[in-house]
Amino acid sequence: MAKKLMKGCEAIGEAAIQAGCRLFFGYPITPQNEIPEYMSARLPQVGGTFVQAESEVAAINMLYGAAGAGCRAFTSSSSPGISLMMEGISYIAGAELPVVLVNIMRGGPGLGGILPSQSDYFQATKGGGHGDYRLLVLAPSTVQEAADLMIDAFDMADQYRNPVMILGDGLIGQMMEPVEFKRGIKPEDLPHKSWATTGAKGRKPNIINSLHLNPEELERHNWDLYKKYQQMQKEVRHDTYNTGENVDVLIVAYGTVARIARTAIDSLTPKGHKVGLFRPITLYPFPSEALIAAAQKAKKVLVAELSTGQMVEDVRSHIAHLRPVDFYGRAGGMVMGAEELADRVEKLIAG
Amino acid sequence: MYNEIVMAGFGGQGVLLIGKLLAYAGMKSGLEVTWMPSYGPEMRGGTCNCTVVLSDRQIGSPISQHPHGLIVLNLPSLDKFENSVRKDGVIIVNTSLINRMPHRTDITAVPVPSNEVALEAGSNKAANMVALGAFLGATGLLEMTSIREVLEETFAAKPKLISINHACLSKGYEIGLARKPAQAAQ
Numbered sequence: 026m027a028k029k030l031m032k033g034c035e036a037i038g039e040a041a042i043q044a045g046c047r048l049f050f051g052y053p054i055t056p057q058n059e060i061p062e063y064m065s066a067r068l069p070q071v072g073g074t075f076v077q078a079e080s081e082v083a084a085i086n087m088l089y090g091a092a093g094a095g096c097r098a099f100t101s102s103s104s105p106g107i108s109l110m111m112e113g114i115s116y117i118a119g120a121e122l123p124v125v126l127v128n129i130m131r132g133g134p135g136l137g138g139i140l141p142s143q144s145d146y147f148q149a150t151k152g153g154g155h156g157d158y159r160l161l162v163l164a165p166s167t168v169q170e171a172a173d174l175m176i177d178a179f180d181m182a183d184q185y186r187n188p189v190m191i192l193g194d195g196l197i198g199q200m201m202e203p204v205e206f207k208r209g210i211k212p213e214d215l216p217h218k219s220w221a222t223t224g225a226k227g228r229k230p231n232i233i234n235s236l237h238l239n240p241e242e243l244e245r246h247n248w249d250l251y252k253k254y255q256q257m258q259k260e261v262r263h264d265t266y267n268t269g270e271n272v273d274v275l276i277v278a279y280g281t282v283a284r285i286a287r288t289a290i291d292s293l294t295p296k297g298h299k300v301g302l303f304r305p306i307t308l309y310p311f312p313s314e315a316l317i318a319a320a321q322k323a324k325k326v327l328v329a330e331l332s333t334g335q336m337v338e339d340v341r342s343h344i345a346h347l348r349p350v351d352f353y354g355r356a357g358g359m360v361m362g363a364e365e366l367a368d369r370v371e372k373l374i375a376g
Numbered sequence: 069m070y071n072e073i074v075m076a077g078f079g080g081q082g083v084l085l086i087g088k089l090l091a092y093a094g095m096k097s098g099l100e101v102t103w104m105p106s107y108g109p110e111m112r113g114g115t116c117n118c119t120v121v122l123s124d125r126q127i128g129s130p131i132s133q134h135p136h137g138l139i140v141l142n143l144p145s146l147d148k149f150e151n152s153v154r155k156d157g158v159i160i161v162n163t164s165l166i167n168r169m170p171h172r173t174d175i176t177a178v179p180v181p182s183n184e185v186a187l188e189a190g191s192n193k194a195a196n197m198v199a200l201g202a203f204l205g206a207t208g209l210l211e212m213t214s215i216r217e218v219l220e221e222t223f224a225a226k227p228k229l230i231s232i233n234h235a236c237l238s239k240g241y242e243i244g245l246a247r248k249p250a251q252a253a254q
């Protein structure tokens with residue numbers, strides 16, 4: 026397929042189709058409405074089904090059911106809508122079902138605003154719903170990467186029987202960039218799911234449930250999940266820019282802010298400043314070993330986020346004993362400019 | 069080559085569309101491109117804008133604090149963005165609806181009576197195309213053939229509109245070319 030100019034939201038929708046997903050359940054909310062809009066037009070063309078649910082709570086439970094039946098399915102929402110889904114996400118994690126969730130973040134808390142934000146990092150990476158569970162969390166920085174990660178997300182969800190979240194923001198969702206779909210998967214070519222509730226004719230019934238009243242059994246389940254999350258550690262991904270040699274400052278940023286950091290770095294390099302970028306692509310599992318290696322080649326570290334400081338806690342937990350970690354954040358839908366970030370880096374270099 | 073362009077006007081004037089055409093034509097010309105709309109809560113008749121970045125290398129920020137080029141179709145947009153434009157930048161001013169020129173003297177301002185020119189060509193609605201043509205004339209940023217190609221693809225479902233839009237692009241281009249600053253020859 027040739028390169029097309031698409032919005033991030035549309036590319037995420039098309040990527041789901043290319044991943045063999047034929048079911049979408051969701052409820053509208055800005056700034057991700059182009060995803061359900063796209064799916065509502067595109068799914069019927071490929072024999073799929075689009076359902077606009079009566080609420081986010083309904084949508085996530087429809088997704089629970091579809092995943093239990095062994096189908097590739099996803100939902101998308103934005104921050105307040107994702108909060109409404111949290112109970113269902115916890116149940117899905119407990120029942121070990123593969124689903125893909127897309128959160129195109131906007132400013133919070135509460136109804137907040139509709140502009141880009143990265144203030145759901147804690148919610149995405151530390152649970153959000155109740156219970157001892159984890160999501161695989163992928164943070165795209167370009168429209169092409171959003172599409173590629175969306176396809177990978179379905180594979181990872183199936184592999185680990187675990188919910189996978191694409192964590193973008195309003196900028197990633199609304200921006201148009203060229204995108205190319207290189208990998209198309211047909212639903213009929215997907216591996217068989219022996220655990221799915223597809224009708225028990227000729228075999229023992231499969232049971233999908235997150236209720237374990239026997240504490241010994243539930244503890245076993247908790248440790249089994251823990252082992253799975255340990256296995257997921259091998260999925261860590263990150264990207265770097267300009268980190269070939271020792272740097273004065275290493276910027277750590279993901280998604281939208283990582284792009285802004287690239288532009289800031291390009292403006293600082295001609296001034297003789299050596300500044301690199303470390304960009305986690307998986308937010309859970311967090312690429313801690315690679316971060317430690319990159320930080321050791323830097324004099325100082327600056328974490329930049331569209332929040333008052335969330336990922337910075339993970340960064341500090343891994344490298345605070347090695348390097349000073351500073352933080353720069355904008356919040357509430359305000360997006361930092363490249364020059365603003367570059368100024369902050371220059372101040373940090375000057376000490 | 070690295071260029072940030074902001075287009076702004078009233079909702080309905082087609083600033084998002086000319087931004088898309090510019091980005092699409094940039095992509096077809098082998099450039100890296102981004103198109104980013106303002107999507108804040110706007111009321112009907114309110115202002116809207118988009119930012120296009122064209123570059124021969126991977127693009128970082130898709131938003132611009134200091135664009136190289138600015139196309140403004142109404143006065144509130146000129147008021148809002150005039151001071152953000154980079155020194156030696158280009159501002160296309162739709163003088164049909166804007167009763168002043170930029171105060172700045174360190175930029176090239178190109179007055180374009182977009183609505184009058186468009187009306188003459190057959191449709192007031194194509195004023196955005198006049199402004200886009202003027203921008204390309206004044207900057208030489210992309211070949212007109214690439215814009216014409218994507219225009220025809222974009223309007224494939226409405227073939228009646230293609231010739232008017234071509235005419236508006238051409239008239240705007242001539243106005244812009246006459247004002248092209250020497251250093252923007254590339």
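Protein chains in written order, with the working numbering: chain A, 26 to 376; chain B, 69 to 254. All residues carry an ideal CB built from backbone N, CA and C; glycine is no exception.
Span of the beta strand (DSSP E), counted from its first residue to its last, around residue i
i: Ile131 (chain B); result: No beta strand (DSSP E) contains Ile131 (chain B), which DSSP labels as neither H nor E.
i: Arg304 (chain A); result: 300-305
i: Gly280 (chain A); result: Taken as a continuous stretch (DSSP letters only), Gly280 (chain A) belongs to no beta strand (DSSP E), being part of the alpha helix (DSSP H) at 280-293.
i: Pro105 (chain B); result: 100-105
i: Asn58 (chain A); result: First-last for Asn58 (chain A): undefined, no H or E at that position.
i: Leu161 (chain A); result: 161-163
i: Asn117 (chain B); result: 115-123
i: Met31 (chain A); result: 29-32
i: Lys322 (chain A); result: Neither: Lys322 (chain A) is in no beta strand (DSSP E) and is coded neither H nor E.
i: Ile276 (chain A); result: 272-277
i: Ile160 (chain B); result: 158-162
For residue i, three-class secondary structure by DSSP
i: Leu210 (chain B); result: coil
i: Asn167 (chain B); result: coil
i: Gly77 (chain B); result: strand
i: Glu121 (chain A); result: coil
i: Asn75 (chain A); result: Sequence check: residue 75 (chain A) is Phe here, not Asn. Strand, per DSSP.
i: Thr222 (chain B); result: helix
i: Ile197 (chain A); result: helix
i: Arg245 (chain A); result: helix
i: Tyr254 (chain A); result: helix
i: Gln254 (chain B); result: For Gln254 (chain B), the pLDDT reaches just 45, beneath the cut-off of 50, and the residue's location in the model is therefore unreliable, although a value from the coordinates is still provided. Coil at Gln254 (chain B), not helix or strand.
i: Gly358 (chain A); result: coil
i: Asn179 (chain A); result: At residue 179 (chain A) the sequence reads Phe, which differs from the Asn that was named. DSSP places Phe179 (chain A) in helix when its eight states are reduced to three.
i: Ala19 (chain A); result: Outside the modelled stretch of chain A, which goes from 26 to 376, sits residue 19 (chain A), for which no answer is possible.
i: Phe206 (chain A); result: coil
i: Ile114 (chain A); result: helix
i: Met64 (chain A); result: helix
i: Thr176 (chain B); result: strand
Sub-8 angstroms separation of residue i and residue j beta-carbons
i: Ala172 (chain A); j: Val204 (chain A); result: yes
i: Ala94 (chain A); j: Val124 (chain A); result: no
i: Gln133 (chain B); j: Gly106 (chain A); result: no
i: Val274 (chain A); j: Lys324 (chain A); result: yes
i: Glu59 (chain A); j: Lys32 (chain A); result: yes
i: Val121 (chain B); j: Val153 (chain B); result: no
i: Val370 (chain A); j: Lys322 (chain A); result: no
i: Ala329 (chain A); j: Tyr309 (chain A); result: no
i: Tyr266 (chain A); j: Ile290 (chain A); result: yes
i: Val140 (chain B); j: Val158 (chain B); result: no
i: Leu140 (chain A); j: Ala149 (chain A); result: no
i: Val137 (chain A); j: Asp194 (chain A); result: One point to set straight first is that residue 137 (chain A) is Gly, not Val, in the sequence displayed. Not in contact: Gly137 (chain A) and Asp194 (chain A) (Cβ atoms no closer than 8 angstroms).
i: His263 (chain A); j: Arg304 (chain A); result: yes
i: Gly132 (chain A); j: Gly357 (chain A); result: yes
i: Tyr158 (chain A); j: Gly152 (chain A); result: yes
Segment limits, alpha helix (DSSP H) that includes residue i
i: Tyr58 (chain B); result: Any question about residue 58 (chain B) goes unanswered here, given that chain B covers just 69 to 254.
i: Ile344 (chain A); result: 336-344
i: His1 (chain A); result: Limits of chain A in this structure are 26 at one end and 376 at the other, which puts residue 1 (chain A) out of reach.
Cβ separation of residue i and residue j, assumed to be a contact under 8 angstroms, to the nearest whole Å
i: Ile230 (chain B); j: Glu220 (chain B); result: 6 angstroms
i: Arg247 (chain B); j: Ala206 (chain B); result: 5 angstroms
i: Leu89 (chain B); j: Leu200 (chain B); result: 7 angstroms
i: Ser313 (chain A); j: Ala367 (chain A); result: Not quite, the Cβ-Cβ distance comes to about 27 angstroms (not below 8 angstroms), so this is no contact.
i: Gly113 (chain B); j: Gly79 (chain B); result: 6 angstroms
Note to self: At a CB distance below 9 angstroms, what residues from the stretch 146-167 of chain B approach chain A? Give them in sequence order.
What the structure shows: none
Check: For the stretch 276-301 of chain A, which residues have a CB atom closer than 9 angstroms to at least one CB atom of chain B, in sequence order?
Finding: Thr281, Ala283, Arg284, Ile285, Ala286, Arg287, Thr288, Ala289, Ile290, Asp291
Notebook entry, point to check: Between the stretch 81-95 of chain B and chain A, which residues of the former have a C-beta closer than 8 angstroms to a C-beta of the latter?
Noted result: Lys88, Ala91, Tyr92, Met95
Margin query: If the cut-off is 7 angstroms on Cβ atoms, which residues from the stretch 45-65 of chain A count as contacting chain B, listed in chain order?
Written below: Pro56
Check: Just by C-beta distance, which residues in the stretch 177-202 of chain A are closer than 8 angstroms to chain B?
Finding: Gly195, Leu196, Gln199, Met200, Met201, Glu202
Check: Along the stretch 362-374 of chain A, what residues have a CB closer than 8 angstroms to any CB found in chain B?
Finding: Gly362, Ala363, Glu364, Glu365
Checklist line | Interface positions of the stretch 96-111 of chain B facing chain A (Cβ-Cβ less than 8 angstroms), listed along the chain | finding: Glu100, Val101, Thr102, Trp103, Met104, Pro105, Tyr107, Gly108, Pro109
Next item on the list: With 7 angstroms as the limit, tell me which residues of the stretch 117-151 of chain A have their beta carbon closer than that to any beta carbon of chain B; keep them in chain order.
Entry: Ile139, Leu140
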